[in-house]
Amino acid sequence: MFDNKSILITGGTGSFGQKYTKTLLERYNPKRLIILSRDELKQFEMQQKFHAPCMRYFIGDVRDVERLKQAFRGVDYVIHAAALKQVPSAEYNPMECIKTNINGAENVIQAAIANNVKKVIALSTDKAANPINLYGATKLASDKLFVAANNMVGQGETRFAAVRYGNVVGSRGSVVPFFKSKIAEGAESLPITHPDMTRFWITLQDGVDFVLKNFARMQGGEIFVPKIPSVRITELASAYAPDMRQEIVGIRPGEKMHEIMCPADDSHHTIEFDDHFVISPSIKFFGRETDFHTNALGETGVPVPEGYEYNSGTNPRFLSTDEILALDCPS
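Under this note's numbering, read the sequence shown as residues 28 to 358, first letter to last.
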């Protein structure tokens, strides 16, 4: 579906954007592949790796709606990956987080509708479910905006959806590169926030593949959630440094013991498919009735039990230390 199409990625110089770019260029023949981001150095560095004739690099910020409207001209599909993602940074710079994650989401929606973009998928996070930190709260607001945008489009054909998943193996600023840097520095111990803490775990490639598939699945208004394994933070540390002491340092501001991707309060909107869940919209869309139990690919799902919660602590699948290392270094 991406052959001879124009695709734009906001925040495209990040870990996800670069992997998505690599995958698109390997599997499809896009007409244009546009990377929109605000950092000229990261764009310069990315151009050294990805310089196919279809590539375009635009300097721009999702806070600037007029720039987005220019960049979205003639675009068929948009992946909205731009966000401020660091939990502590968001707590100390709340207005900056709101400007990018909420106002930026509104700007992406306006630009997509103005240019009749076919489909938009916004990247979300498990922290948007029952949020306790500002980052999660802004992403929940963003999710709500992208769901409601399917009403804002009126008689237009633009459709919006969101994808929510957990910690990405090895992404910039995440725990694995942090542990590796501490090990390389010769640290005597690895800091562990809490011995019982768990997180959902996904590889960057699996995240990219899930988003690609959901462009074909989506009808507009869904929040897609993949079925992925969990890890215990202590086992994560043991996988990379089995002989290193673990020092309990306490939970940081805005952190949860376990993450949730499908809250119990949304169970009456949650549909289970073979390899994923869909949280269907809680609002009605003007002028159309959609059965979210069957997606655009013809896959069918069933409602989850009342009160069901998809929680990293009660997830039926946990990775062993060997599996953790295998995901980090795939064959």
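Virtual Cβ for every residue (Gly too), placed ideally from N, Cα, C.
{"Item": "Assuming Pro-308 and Val-174 are in contact, meaning their beta carbons sit under 8 Å apart, how far apart are those beta carbons, in whole angstroms?", "Value": "5 Å"}
{"Item": "Using the C-alpha atoms, what's the distance from Asp-270 back to Lys-126?", "Value": "44 Å"}
{"Item": "I'd like the span of the beta strand (DSSP E) that includes Thr-165, first residue to last.", "Value": "Note, Thr-165: premise wrong, no beta strand (DSSP E); alpha helix (DSSP H) at 161 to 179."}
{"Item": "Determine whether the beta carbon atoms of Arg-90 and Gly-131 lie at a separation below 8 Å.", "Value": "yes"}
{"Item": "Answer yes or no: do Ile-395 and Ile-106 have a C-beta to C-beta separation smaller than 8 Å?", "Value": "In this structure the chain extends from 28 to 358, so residue 395 is not present and cannot be described."}
{"Item": "Just mark Tyr-104 as buried or exposed, buried being the case when its beta carbon has 16 or more other beta carbons within 10 Å.", "Value": "buried"}
{"Item": "If we ignore side chains and look at the alpha-carbon of each, how far apart do Ala-268 and Ala-109 end up?", "Value": "33 Å"}
{"Item": "Does the region 333 to 350 come close enough to the region 250 to 266 to have 3 or more Cβ pairs within less than 8 Å?", "Value": "yes"}
{"Item": "Where does Met-284 land, buried or exposed, given buried means 16+ other C-beta within 10 angstroms?", "Value": "exposed"}
{"Item": "Is the separation between the beta-carbon of Asn-134 and that of Leu-111 shorter than 8 Å?", "Value": "no"}
{"Item": "So what's Ser-358 in DSSP terms, helix, strand or just coil?", "Value": "Bear in mind that a pLDDT of 42 at Ser-358, under 50, signals an unreliable position, so the number given afterwards is only what the model happens to contain. Ser-358 falls in the coil class under three-state DSSP."}
{"Item": "How would you call Thr-332, buried or exposed, if buried means at least 16 neighbouring beta carbons within 10 angstroms?", "Value": "Per the sequence shown, residue 332 should be read as Pro rather than Thr. The residue in question, Pro-332, is exposed, as its Cβ has fewer than 16 Cβ neighbours within 10 Å."}
{"Item": "Among the candidates Glu-286, Tyr-337 and Gln-182, whose CA atom is the shortest distance from the CA of Glu-299?", "Value": "Tyr-337"}
{"Item": "Can you tell me whether DSSP reads Met-73 as helix, strand or coil?", "Value": "helix"}
{"Item": "For Gly-87 versus Leu-63, is the C-beta distance shorter than 8 Å?", "Value": "yes"}
{"Item": "To which residues of the same chain is Ser-358 closer than 6 Å at the C-beta, ignoring the five residues directly before and after it?", "Value": "Its pLDDT being 42, under 50, Ser-358 is placed unreliably in this model, and the value from its coordinates should be taken loosely. Counting only Cβ-Cβ distances below 6 Å, and skipping sequence neighbours, we find nothing."}
{"Item": "Phe-237 to Val-147, Cα distance in whole Å?", "Value": "14 Å"}
{"Item": "Are there 16 or more other CB atoms within 10 angstroms of the CB of Glu-123, so buried, or fewer, so exposed?", "Value": "exposed"}
{"Item": "Would you kindly report the start and end of the unbroken beta strand (DSSP E) that includes Met-122?", "Value": "Careful: Met-122 lies outside any beta strand (DSSP E), inside the alpha helix (DSSP H) at 121 to 125."}
{"Item": "Could you work out which residue in Ile-278, Leu-263 and Lys-254 is closest to Asp-153 when comparing CA atoms only?", "Value": "Lys-254"}
{"Item": "Enumerate in chain order the residues of its own chain whose CB-to-CB distance from Met-288 is below 6 Å, with the five nearest sequence positions on each side excluded.", "Value": "Asp-153, Ala-156, Arg-191, Val-252 and Tyr-337"}
{"Item": "In chain order, which beta strand (DSSP E) runs of at least 3 residues are fully inside the region 83 to 132?", "Value": "104 to 107"}
{"Item": "Return the bridge partner residues of Phe-251 from the DSSP annotation.", "Value": "Val-190 and Val-305"}
{"Item": "Distance, Cα to Cα, Phe-43 vs Val-195?", "Value": "9 Å"}
{"Item": "Sort out for me which residues DSSP pairs Leu-60 with in a bridge.", "Value": "Ile-34 and Met-82"}
{"Item": "Rounded to whole angstroms, what's the CA-CA distance from Asn-143 to Ser-216? Just pull it up for me.", "Value": "53 Å"}
{"Item": "Looking at chain C, is there any beta carbon in it that lies within less than 8 Å of the beta carbon of Lys-171?", "Value": "Among the chains of the structure shown, chain C does not appear; only one protein chain is present."}
{"Item": "Rounded to whole angstroms, what is the Cα-Cα separation between Arg-244 and Ile-250?", "Value": "11 Å"}
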